[in-house]
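A.B. asks: Quick one: the structure is below, questions incoming.
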Amino acid sequence: MDRQRRAGLFFVLPAVAYFTCVFLIPLAESLLGSFYRTQPGGASQFVGSRLYVKVLTDPTFWQTVRNTVTLLFMSVPLTAVLALAVALGLHRLVSLRWRSVWTATYFLPFSVSLVAAALVWQWIYDPVYGVLNHLLGHLGLPPLKWLQSLDLVLPSLALINVWARLGFDTLIFLAALQAIPGEYYEAASIDGAGRWQMFGRVTLPLLNPQIVMVAILEIIFNFKVFDTVYATTQGGPASASQTVIMLLYDTAFKFFRLGDASVIAVFVFVSLLLLTLVQWRLFRRQVEY
Amino acid sequence: MKNGWRHLVVVGLVAAGGLVVFFPFFWMAVTSLKTVPEIQRIPLRVAPDRWTNFDNYREVFQRQPFGRFMLNSALVASVSAVSSLLVSSLAGYGFAKFRFPGRDILFFGIIGILMVPFQSVVVPLYLWVNRLGLLDTYAGILAPDLVSVFGVFLMRQAIEMVPTDYIEAARIDGGSEFGIFWRVVLPSVAPAMATLVIIKFMWTWNELFWPLVVINSPEMKVVTLGLVSFTNMYFIEYNLVTAAAVVSILPVLAIFLLCQRWVVRAVVMSGLKG
Chain A
62 MDRQRRAGLF
72 FVLPAVAYFT
82 CVFLIPLAES
92 LLGSFYRTQP
102 GGASQFVGSR
112 LYVKVLTDPT
122 FWQTVRNTVT
132 LLFMSVPLTA
142 VLALAVALGL
152 HRLVSLRWRS
162 VWTATYFLPF
172 SVSLVAAALV
182 WQWIYDPVYG
192 VLNHLLGHLG
202 LPPLKWLQSL
212 DLVLPSLALI
222 NVWARLGFDT
232 LIFLAALQAI
242 PGEYYEAASI
252 DGAGRWQMFG
262 RVTLPLLNPQ
272 IVMVAILEII
282 FNFKVFDTVY
292 ATTQGGPASA
302 SQTVIMLLYD
312 TAFKFFRLGD
322 ASVIAVFVFV
332 SLLLLTLVQW
342 RLFRRQVEY
Chain B
452 MKNGWRHLVV
462 VGLVAAGGLV
472 VFFPFFWMAV
482 TSLKTVPEIQ
492 RIPLRVAPDR
502 WTNFDNYREV
512 FQRQPFGRFM
522 LNSALVASVS
532 AVSSLLVSSL
542 AGYGFAKFRF
552 PGRDILFFGI
562 IGILMVPFQS
572 VVVPLYLWVN
582 RLGLLDTYAG
592 ILAPDLVSVF
602 GVFLMRQAIE
612 MVPTDYIEAA
622 RIDGGSEFGI
632 FWRVVLPSVA
642 PAMATLVIIK
652 FMWTWNELFW
662 PLVVINSPEM
672 KVVTLGLVSF
682 TNMYFIEYNL
692 VTAAAVVSIL
702 PVLAIFLLCQ
712 RWVVRAVVMS
722 GLKG
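Below is the structure:
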């Protein structure tokens, strides 16, 4: 018995040690670092909550929070709803062959790097030579400055994220749909339920865990998204697409204000934790009938 | 006949959506075969003048050490996939089949790391890599990518399904604990191992944030950084950018198309088990 206990610990030890070094200790250091100001020379000085006051009263910081939240509101619901619709459509396809072809097509964007995706979209969005504006021209509409205008830059970026994530969420929904026993629908139809009633009373409630899951994953993804913004607008025009993560990157690795960056890092950690917990509690309750 | 008509509408909508989703790939491929005057032509022509014009591809490799970028990415992604597989399988076995004090706390502690966004630990991690003199090295890029939480989770789920009787039988036959792991457990979870290797390779290949932080010199760049470097000019030559993009995504696209089953499994695993 004792040999087994030791063996078990021995098996998990490498992973535990690794995650401690790469995540736990740095996380603790981020927390600590947010209370110290580091001079360019390397000396650091304890400043209490001064950096928190500095960052959290900075209007630029709140601007990036607003941008991030706006991006979140534009892409998360859209991705989830579209993914559900696509999954329902794919689930209805009779030909298994075509179902797998279209599933793969929807999933394709998820498998490539966000950098490549963002650059191709930037080309599609190009104000002068972009195919999207050519298309608008054919419809008799004026060209738009997708990534260059203050109003359009966030929706345009959100669309790239939706495109990139749609297939992932679709797969999750599709797998769940396929796991619903057909008898449930038979029973519902014997009880005289129509299509919409079946969707509302059988499908949606049974998909609830996946919907919560997708919502949480998408919020985390869109909150942390960096590649698409960095590869295209770099936060511009005039900081209109500067997100919290972009600000963190700039603060730490462009301006080397590591203390300020640690405050932002703590902010990101705490807000994601709260968002996830709140969502979890809110939606989990609805599953229990 | 009402149902047949409905089905046709569904098929049409699914196909239309699929084509829209696919369009950027088509557009990327087509643009990569055009010259600069061609991409600036008004009115726009969809097809390139010459379908066999691969000048942009040649230019991509001439202007930047793009072959080197690809090699760097391949190396980093392979090491991260293999090391992740090894450590995750060990941990998955330990968590699934052994009882020891603190097991559940450790396991949920690791799962809890999913809640920690990488960006929250990036500054201390950068300072550590710097202190250890690993900036601008393969070891530096690999540092946070050697094991993934998802891997531990996936392997634990898979190994839990292995009948404990097999393991007990091997133990009675006098096998060492590691020998049992290697000869009994691992062979029975091959599908999960394939899934993990493939998905981890793709993830590391596609990563941008951390390489951007630790890499400075051109010859250490990975392919995502190489791609970005084509845009650091006043006028973005999209014919080159798209050619570079095609080159950079070909390996992962190939892996995805060949191993679709395993990738799908990974996604479903991460979704079904909240």
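Going down the list, the protein sequences come from chains A and B.
So in this note's numbering, spot 137 of the first sequence is number 198, and the numbers just go up one at a time.
So in this note's numbering, spot 143 of the second sequence is number 594, and the numbers just go up one at a time.
From the three backbone atoms N, C-alpha and C, an ideal C-beta is built for every residue, glycine too.
In this text, all values refer to a predicted model and were calculated from it rather than measured experimentally.
If I'm right that B:K485 touches B:P499 with Cβ under 8 angstroms, what's the distance once you round it to whole angstroms?
C.D. replies: 5 angstroms
A.B. asks: Would you verify that the beta carbon of B:A696 is, or is not, closer than 8 angstroms to some beta carbon of chain A?
C.D. replies: Cβ-Cβ to chain A under 8 angstroms: yes for B:A696.
A.B. asks: How would you list, in chain order, the residues of chain A whose beta-carbon sits under 8 angstroms from the beta-carbon of B:V580?
C.D. replies: Ordered by position in chain A, no residue passes the 8 angstroms Cβ test against B:V580, which lies about 10 angstroms from the chain.
A.B. asks: Determine the direct distance from the alpha carbon of A:P170 to that of A:L39, and round the result to whole angstroms.
C.D. replies: What is shown of chain A runs 62 to 350, which leaves residue 39 of chain A out entirely.
A.B. asks: Which residue or residues does DSSP assign as beta-bridge partners of A:F107?
C.D. replies: A:Y97
A.B. asks: Within its chain, find whatever has a CB closer than 6 angstroms to the CB of B:S524; leave out the 5 residues flanking it on each side and keep chain order.
C.D. replies: W656, V673 and V674
A.B. asks: Using a Cβ-Cβ cutoff of less than 8 angstroms, which residues in the same chain neighbour A:L334 once the five nearest sequence positions on both sides are dropped?
C.D. replies: So the list is empty, once near-sequence residues are dropped.
A.B. asks: Closer than 8 angstroms, CB to CB, is B:W478 near chain A or not?
C.D. replies: So yes, B:W478 belongs to the interface.
A.B. asks: When the Cα of B:L659 is compared with those of A:L175, A:W341 and A:F107, which residue comes out closest?
C.D. replies: B:L659 has its Cα closest to that of A:L175, out of A:L175, A:W341 and A:F107.
A.B. asks: Classify B:W456 as helix, strand or coil using the three-state DSSP reduction.
C.D. replies: helix
A.B. asks: Can you check whether the CB of B:L526 is closer than 8 angstroms to the CB of B:Y617?
C.D. replies: no
A.B. asks: Could you check whether the Cβ of A:V348 sits closer than 8 angstroms to any Cβ belonging to chain B?
C.D. replies: Because the pLDDT at A:V348 is just 49, under 50, the model does not fix this residue reliably, and the value given afterwards should be weighed accordingly. At a cut-off of 8 angstroms, the C-beta of A:V348 has no neighbouring C-beta in chain B.
A.B. asks: Please list the partners that A:I185 has in chain B, where partner means a Cβ-to-Cβ separation under 7 angstroms.
C.D. replies: P475 and W478
A.B. asks: What whole-angstrom Cβ distance do A:G94 and A:L319 have, given they're in contact under 8 angstroms?
C.D. replies: 6 angstroms
A.B. asks: Can you list, in chain order, the stretches of the beta strand (DSSP E) that have 3 or more residues and sit fully within the region 666-717 of chain B?
C.D. replies: none
A.B. asks: Express the C-alpha separation of A:F80 and B:L576 in angstroms, rounding to a whole number.
C.D. replies: 12 angstroms
A.B. asks: Which same chain residues, not among the five before or five after B:W646, have their C-beta less than 6 angstroms away from its C-beta?
C.D. replies: A small correction: the amino acid at residue 646 of chain B is Thr; Trp does not occupy that position in the sequence shown. W713, R716 and A717.
A.B. asks: Give the single residue among B:L464, B:S535 and B:L470 whose Cα lies nearest to the Cα of B:T593.
C.D. replies: The question names Thr, but residue 593 of chain B is Leu in the sequence shown. Closest by alpha carbon: B:S535.
A.B. asks: Are the CB atoms of A:V263 and A:W341 nearer to each other than 8 angstroms?
C.D. replies: no
A.B. asks: Within this structure, are the beta carbons of B:G591 and B:V574 separated by less than 8 angstroms?
C.D. replies: no
A.B. asks: With 8 angstroms set as the bound, which would you pick, yes or no: does the beta-carbon of A:G296 sit closer than that to a beta-carbon of chain B?
C.D. replies: Chain B, which has no Cβ nearer than 8 angstroms to the Cβ of A:G296, makes this no.
A.B. asks: Go ahead and pull the three-state DSSP assignment for B:E437.
C.D. replies: The requested residue 437 of chain B is not part of the displayed model; chain B covers only 452 to 725.
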